[in-house]
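Q: The following block contains the structure, expressed as structure tokens.
Chains as they are written, first to last, in the working numbering: chain F, 7 to 348; chain H, 4 to 304.
Structure below.
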């Protein structure tokens, strides 16, 4: 078996004049938790649909474990999908939903029941087999969709924004659970999402999509700390982008750089910077108290502004509000500022 | 003043509900249920054969008359016709509805919708008569059959017992064709609506889980479209059961339920027997719906 689970070779998908996917080449390794991250319309879902077989590339090839599957129908590929709307069959019980793939393969009823029970156990829904999808909550349906896909032992599992419809608490819980299930079953997971936090939490590697192209592929840490482009810096986490005159006053060069809000220290206006630090003076325009942390908008001397985030380790909301309209000095380590291209 | 009235109603939603429901309830109770009850009561009276007058006393003898072989034949003939018409409508409507629901562009869908429903705007009788021109002995079909030298085949078909006759228009086949034409829209619309409500992702999910298109159709699409098929068949089935115009203009002189009711009502003034006859389709429909429920047609509703 080849080491790469999925390989895209110069894949494009055009819808009329729209290039939904534009010359994408990509390799996803066996056993990886791989996320495709990007805003809506960036081509990530089209890529997923082409792996599943619902869509076919206009040009280029897609390989599944070395086999060219570019033009195979979905039912001849050993990949399974967890759909955004779960796509559970409303007229079937949970047991029949989960056992659907096996039923199609002609597995005997007794054998099927056994495997379905095991799967429902894995997704922590034992005893739910007799219910109908309409009797389950969103989170439970999501698990059923997962069980229905995993029971077929696909080589690759595709997940199309499966957590999008869940509330925050449940989403965070499912993130942890998905990751642990993936590690237990050892299948390659390809996860499509527009939520950068989700991608950072779960993935081994992330591909950041924009306008049908891949901007950057890398581990969460790489993508977060070394964004290769303005787009990635802006989309993954929040970033301050500084360029031109303002940049020159701070670093001595006009080159555009990005600095994460949490890397900036909000100091007194006369604080002495260390030798390895950049600094700039400004005035706090706005203070937004967010419980866990506080976000400050600082207007720089001579134009421009920076967002600063500080954890409320010792401060209360009363303390942080006092900073408003104060003159401050912003300081950060030189190594935290990243020069970024276009 | 107006304001006070609004407030009065706003605070008493039950009064509003009662006012709103009064007209439809009155209509329903008096006209619908009332006429049904009148019919039911009449069916338990009988016609005195000697005086030709309706005797208003409770009896089951009118119902017993329904069990005459000739009357039973009318029931079975009509039911068989209704079944055949319904099946033919399903077979013709399904592919078209599927195309409309899944593939047609918005523009094409509008065009097809119009094509299906516009005929319903014109008079039913006129449309039925126009089929006379098509099916008659010197009509369009026999003319065309002659043109392509298939008149031999047509004549052979018309010589078959049961479906044949002196011409298409005077054969049972003619009755069948016109019924299918007349009731087809009532089948297309509900099936199309049902199919449209099946999310595309369900079809994709079935394929994703290994089902070929044929398997997807059988295990996902058909079960989910089934309520639509049943809804459509309720129309085609019951409308065929009760219709009296088509069997009068087409076919041999065989009686169908609607035609029998009309004859007993009008010609012989036997209102009790006509009423009893009418109970027939109602019973058949109840049985039909029970079967449909057993098959799970209403589970998805």
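The C-beta atom is built at its ideal place from N, Cα and C for all residues, glycine as well.
I need the straight-line Cα distance from residue 148 (chain H) to residue 169 (chain H), nearest angstrom please.
A: 16 Å
Q: Nearest chain H C-beta to residue 23 (chain F) closer than 7 Å, yes or no?
A: No, its Cβ sits nowhere closer than 7 Å to a Cβ of chain H.
Q: Under 7 Å, Cβ to Cβ, is there at least one residue of chain F near residue 285 (chain H)?
A: no
Q: Look at the alpha carbon of residue 99 (chain H) and the alpha carbon of residue 136 (chain F), and state the distance between them as a whole number of angstroms.
A: 36 Å
Q: Give the C-beta separation of residue 314 (chain F) and residue 337 (chain F) to the nearest angstrom, bearing in mind that I take them to be a contact with Cβ-Cβ under 8 Å.
A: Not a contact, Cβ separation roughly 10 Å.
Q: What's the gap between the Cα of residue 123 (chain F) and the Cα of residue 159 (chain F)?
A: Approximately 15 Å between the Cα atoms of the pair.
Q: Provide the residue span of the alpha helix (DSSP H) that contains residue 73 (chain H), from first to last.
A: 72-101
Q: In the structure shown, what three-state DSSP assignment does residue 166 (chain H) receive?
A: Correct three-state label for residue 166 (chain H): coil.
Q: On the criterion of 16 or more Cβ atoms from any shown chain inside 10 Å, does residue 207 (chain H) qualify as buried, or is it exposed?
A: buried
Q: Roughly how many angstroms lie between the CA atoms of residue 7 (chain F) and residue 152 (chain F), to the nearest whole one?
A: Caution is warranted here: a pLDDT of 46 is assigned to residue 7 (chain F), below 50, making its placement in the model unreliable, and no coordinate value can be reported.
Q: Output, in sequence order along the chain, the residues in the stretch 198-230 of chain H whose CB is closer than 8 Å to any CB in chain B.
A: The displayed structure is made up of protein chains F and H, and chain B is not among them.
Q: If we call anything under 7 Å between Cβ atoms a contact, is residue 269 (chain H) one with residue 247 (chain H)?
A: no
Q: Please list, in chain order, all residues of the same chain as residue 204 (chain F) whose beta carbon is under 7 Å from its beta carbon, the five residues on each side excluded.
A: 169 and 181
Q: Measuring only the C-alpha atoms, how far is residue 107 (chain F) from residue 221 (chain H)?
A: 14 Å
Q: I need the straight-line Cα distance from residue 121 (chain F) to residue 105 (chain F), nearest angstrom please.
A: For residue 121 (chain F) and residue 105 (chain F), the distance between alpha carbons rounds to 8 Å.
Q: Please confirm if residue 91 (chain F) has its CB atom under 7 Å from at least one CB of chain H.
A: yes
Q: Reducing DSSP to helix, strand and coil, say where residue 259 (chain H) ends up.
A: coil
Q: Apart from the five residues just before and just after residue 278 (chain H), which ones in its own chain have a Cβ nearer than 6 Å to its Cβ?
A: 42, 45 and 46
Q: Would the C-beta of residue 260 (chain H) count as close to the ligand NAD, meaning under 6 Å from any of its heavy atoms?
A: Inclusion of the ligand NAD in the displayed structure is not the case, the ligand content being empty and no account of it being possible.
Q: Taking beta-carbon pairs under 9 Å, can you tell me which members of the stretch 63-74 of chain F lie near chain H?
A: none
Q: With distances taken Cα to Cα, identify the nearest neighbour of residue 292 (chain H) among H:141, H:105 and H:230.
A: With distances taken between Cα atoms, residue 292 (chain H) lies closest to H:230.
Q: Considering only the alpha carbon of each residue, which of H:85, H:97, H:271 and H:153 lies closest to residue 55 (chain H)?
A: H:271
Q: If you check the beta carbons only, do residue 162 (chain F) and residue 11 (chain F) fall under 7 Å apart?
A: Closer than 7 Å, so yes.
Q: Could you tell me which whole alpha helix (DSSP H) segments of length 4 or greater appear in the stretch 134-211 of chain F?
A: 144-156, 174-191 and 202-208
Q: So which residues on chain H does residue 60 (chain F) lean against when the C-beta distance must stay under 7 Å?
A: 207
Q: By alpha-carbon positions, which one of H:176, H:205 and H:8 ends up nearest to residue 134 (chain H)?
A: H:176
Q: Cα-Cα, which of F:71, F:28, F:59 and F:46 is closest to residue 35 (chain F)?
A: F:71
Q: Starting from the C-beta of residue 142 (chain H), find all residues in its chain whose C-beta is less than 6 Å away, skip the five residues before and the five after it, and write them out in chain order.
A: Excluding residues within five positions, the ones whose Cβ falls inside 6 Å are 136.
Q: Is there at least one Cβ from chain H nearer than 7 Å to residue 170 (chain F)'s Cβ?
A: no
Q: Pick out whichever of F:28, F:317, F:68 and F:86 has its Cα sitting closest to the Cα of residue 268 (chain F).
A: Closest in alpha carbon position to residue 268 (chain F), among F:28, F:317, F:68 and F:86, is F:317.
Q: What's the call for residue 340 (chain F), buried or exposed, on a 16-neighbour Cβ count within 10 Å?
A: The Cβ neighbour count for residue 340 (chain F), taken over all protein chains shown within 10 Å, is under 16; the residue is labelled exposed.
Q: Using the Cα positions of residue 96 (chain F) and residue 138 (chain F), report the straight-line distance between them to the nearest angstrom.
A: 7 Å
Q: Residue 188 (chain F) and residue 39 (chain F) look like a contact to me (Cβ under 8 Å); what is the Cβ gap, rounded to whole Å?
A: 5 Å
Q: If distances are taken between C-alpha atoms only, which option among F:201, F:146, F:140 and F:118 comes closest to residue 131 (chain F)?
A: F:146
Q: DSSP three-state call for residue 104 (chain F): helix, strand or coil?
A: Helix, per DSSP.
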